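Residue numbers (the numbering used here): 1 to 271.
Set out below in structure tokens:
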């Protein structure tokens, strides 16, 4: 590839990063230092870190993101492992990824119909004699829907890591007398840990800022930083406080990226 062709690809990529990544982040950071009247202040950050409400929202965001990530991981790893052993694995992988092409709002409204009092889940509960239950607008329904939506983003990196794993390692472990559990614990899982970390990033980081599902599925019972940002920008019009929460949220995301990417950096240095 010549220098001219490299420059041809580098310029649009750089412009995209500047105008659609760097500029919005700088704008949010700049806006976080202004009050609703447009006056420069540091009070937004003081209010955030001194307010019990905002700190509870932060803990809620981290806690629910953690639950969604753990639930997704427990479902996705065995699925990716079994998928990697199947005959038509690319076809099954496509069927798993296919729901991500559907708009998130459409999927949320579909689950509203499924979990509502007159929905199919309650119809089944009536059929088996349990009776209708309040499933929608609960923490459980929120976690179920969020986990369902995030599963493909966890399966894909784990599947790729398993796909790249040399089968001879597993065979060597069995030849040396290790059973299936020991082989998984000592060989397969450690060698696919980078895929797990990529999946955690792909799930945990977006889960920190969920707001549409908290409103439509959780019924605003689940209050997170994403919900607070939506309220400040669209309801109270306090863009300064909304931007402050956004900056804190971005900082939390960067911390997660550093924590999950630390081992990769060490491995590169060793190489």
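Note that CB positions come from ideal geometry on N, CA and C, so glycine has one too. Computed from a predicted structure; not experimentally measured.
As for any alpha helix (DSSP H) of minimum length 4 sitting wholly inside the region 55–125, the runs are 89–97, 104–115, ordered along the chain. Secondary structure at residue 34: strand, using DSSP grouped into helix, strand and coil.
By the Cβ criterion, the region 34–41 is not in contact with the region 248–260, since fewer than three pairs of Cβ atoms, one from each stretch, lie closer than 8 angstroms. In the structure shown, the three-state DSSP call for residue 29 is helix. Ranking 205, 42, 178, 97 by CA distance to the CA of residue 156 puts 97 first. 158 is the residue among 227, 158, 230 whose C-alpha sits nearest the C-alpha of residue 203. Between the beta-carbon of residue 165 and that of residue 138 there is about 39 angstroms, and that puts the pair past the 8 angstroms contact cut. Between residue 199 and residue 73, the CB-CB gap stays under 8 angstroms. Inclusion of residue 105 and residue 212 in the CB contact set at 8 angstroms is warranted, their separation being smaller than that value. The beta carbons of residue 173 and residue 187 sit about 5 angstroms from each other, so the pair counts as a contact at 8 angstroms.
Residue pairing by DSSP puts residue 40 in a beta bridge opposite 34.
A distance below 6 angstroms between beta-carbons, with the five flanking residues on each side excluded, links residue 119 to the following residues of its chain, in chain order: 113. Within the region 165–238, the complete alpha helix (DSSP H) segments at least 4 residues long are 167–175, 180–183, 193–208, 212–216, 225–234, listed from N- to C-terminus. CA-to-CA, the gap between residue 182 and residue 23 works out to about 49 angstroms.
Relative to residue 209, the option among 223, 216, 107, 78 whose CA is nearest is 223.
Out of 162, 217, 175, 168, the CA that lies nearest to the CA of residue 190 is found in 162. For the options 194, 132, 63, the alpha carbon positioned closest to that of residue 205 is the one of 63. The straight-line gap separating the alpha-carbon atoms of residue 50 and residue 43 is approximately 10 angstroms. Residue 52 sits in a helix when the DSSP states are folded into three classes. With 16 or more other Cβ atoms inside 10 Å of its own Cβ, residue 226 counts as buried. At least 8 angstroms separates the beta-carbon of residue 256 from that of residue 111.
Pairing residue 132 with residue 194, the inter-Cα distance amounts to about 44 angstroms. In the same chain as residue 244, and ignoring 5 residues on each side of it, the C-beta atoms closer than 7 angstroms to its own belong to 32, 44, 45, 48, in chain order. Following the DSSP letters along the chain, one finds residue 10 inside the alpha helix (DSSP H) bounded by residues 3–17.
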